[in-house]
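Colleague:
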Amino acid sequence: MSADRVRLIPPEEAAPELAAIYSRADAALHDGQLPGPTLFDNQARALAHHPQLLQALIGVYEAFAAAPTVERKLIELGVLIVSRVNACDYCLRHHTPLAQAAGLNAEQLQCIQRGDWKAHRELWSEREWLIIAYAEGMTREPHRIDDAFFADLRRHFDDRQIVEMTMRFALCSAWNKFNDALGLDTESAFRHAYAEIMGG
């Protein structure tokens, strides 16, 4: 895939109102952590062509951050499953270090990378397994998610949590398509962090 199908706007050329967004993206790039609601560096630089859209999307993530109801480990798990199903290397490389920081272990991360989580049910708690099943089902065939599954989901999560995770995973799928359609390249810091976790 050829990279950067749209020009990535550097900070010095971006609209002034985007300065804080660029600053947080840069901090994520160098620290491997998200210092606040932000996008990843190349995402922000691509979306800077449409400043209002970039700001609106940041607003969504500010809303998530203001009142989170689902623990970060479970969100990152679901995001990785969605990204693996959609084969989005950009998101896998970014969210694997974040998932590790949130509490997923090396064996779990390797399992997700291979895509064989169904063969290793023993690696996951009941709540984690529900997240995996929901994220995969949403991404592959959401119309096939049935009431019996939702009954299981509701034993562990309330309606607000379900709404939050559903929107998170749906947005992740949209980001997968955005990143891959535009051929966004993974920034070197995240590429190296991912390689270290995956053993090369």
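Take any residue in the sequence shown, note its place counting from 1, add 7, and you have its number in my numbering.
For each residue, glycine too, the CB sits at the ideal point set by N, CA and C.
Please identify the residue among Glu69, Val89, Arg100 whose C-alpha is closest to the C-alpha of Ala200.
Modeller: Ranking Glu69, Val89, Arg100 by Cα distance to Ala200 puts Arg100 first.
Colleague: If you count every other CB in all the chains shown that lies within 10 Å of the CB of Glu20, and 16 or more means buried, which is it?
Modeller: Glu20 should be labelled exposed.
Colleague: What is the residue span of the alpha helix (DSSP H) that Val170 lies within?
Modeller: 166 to 188 is the extent of the alpha helix (DSSP H) around Val170.
Colleague: Assess, as a yes-or-no matter, whether the stretch 87 to 102 is touched by the stretch 53 to 71 under the definition of 3 or more beta carbon pairs within less than 8 Å.
Modeller: The stretch 53 to 71 vs the stretch 87 to 102: no contact.
Colleague: Just the Cα atoms here: how many angstroms apart are Glu114 and Tyr29?
Modeller: Cα-Cα distance, rounded: 34 Å.
Colleague: Do the stretch 102 to 112 and the stretch 51 to 58 touch if we need at least three Cβ pairs shorter than 8 Å?
Modeller: Because the criterion of three Cβ pairs below 8 Å is not met, the stretch 102 to 112 and the stretch 51 to 58 do not touch.
Colleague: Is the CB-CB distance between Val77 and Met145 below 7 Å?
Modeller: No, they are not a contact pair.
Colleague: With DSSP run on the structure shown, which of helix, strand or coil describes Ile119?
Modeller: Ile119: helix per DSSP, three-state reduction.
Colleague: Just the C-alpha distance for Ile169 and Ala142, rounded to the nearest angstrom, thanks.
Modeller: Their Cα atoms are separated by approximately 11 Å.
Colleague: Relative to the alpha-carbon of Ile204, which residue among Leu81, Leu105, Arg31, Ala74 has its alpha-carbon at the smallest distance?
Modeller: Selected option, being the one with the closest Cα: Leu105.
Colleague: Can you list, in chain order, the residues of its chain whose CB lies under 7 Å from that of Pro58, leaving out five sequence neighbours each side?
Modeller: If we look at Pro58 and ignore the five residues flanking it on each side, its Cβ neighbours are Ala22, Glu24, Leu25.
Colleague: Who are the near neighbours of Asp165 in its chain, counting only those whose CB is closer than 6 Å to its CB and skipping five residues on each side?
Modeller: Counting only Cβ-Cβ distances below 6 Å, and skipping sequence neighbours, we find nothing.
Colleague: For Leu189 and Ser90, what's the separation of their Cα atoms in angstroms?
Modeller: Leu189 and Ser90: Cα-Cα distance of roughly 16 Å.
Colleague: Find out if the Cβ-Cβ distance for the pair Gly85, Ile138 is shorter than 7 Å.
Modeller: Result yes, Cβ atoms of Gly85 and Ile138 sit closer than 7 Å.
Colleague: Write down every uninterrupted run of the alpha helix (DSSP H) in the stretch 79 to 115 whose length is 4 residues or greater and which is fully enclosed by it, in chain order.
Modeller: Correct list: 79 to 92, 96 to 109.
Colleague: Can you give the beta carbon distance from Arg147 to Val92, rounded, assuming they're within the 8 Å contact cut?
Modeller: Contact holds; Cβ gap of about 6 Å.
Colleague: Apart from the five residues just before and just after Arg151, which ones in its own chain have a Cβ nearer than 7 Å to its Cβ?
Modeller: Gly144, listed in sequence order.
Colleague: Please list, in chain order, all residues of the same chain as Glu194 whose beta carbon is under 8 Å from its beta carbon, the five residues on each side excluded.
Modeller: Cβ within range, chain order: Leu36, Phe47, Asp48, Asn49.
Colleague: Could you tell me the distance, in whole angstroms, from the CA atom of Ile82 to the CA atom of Asp192?
Modeller: Taking the straight line joining both Cα atoms gives about 23 Å.
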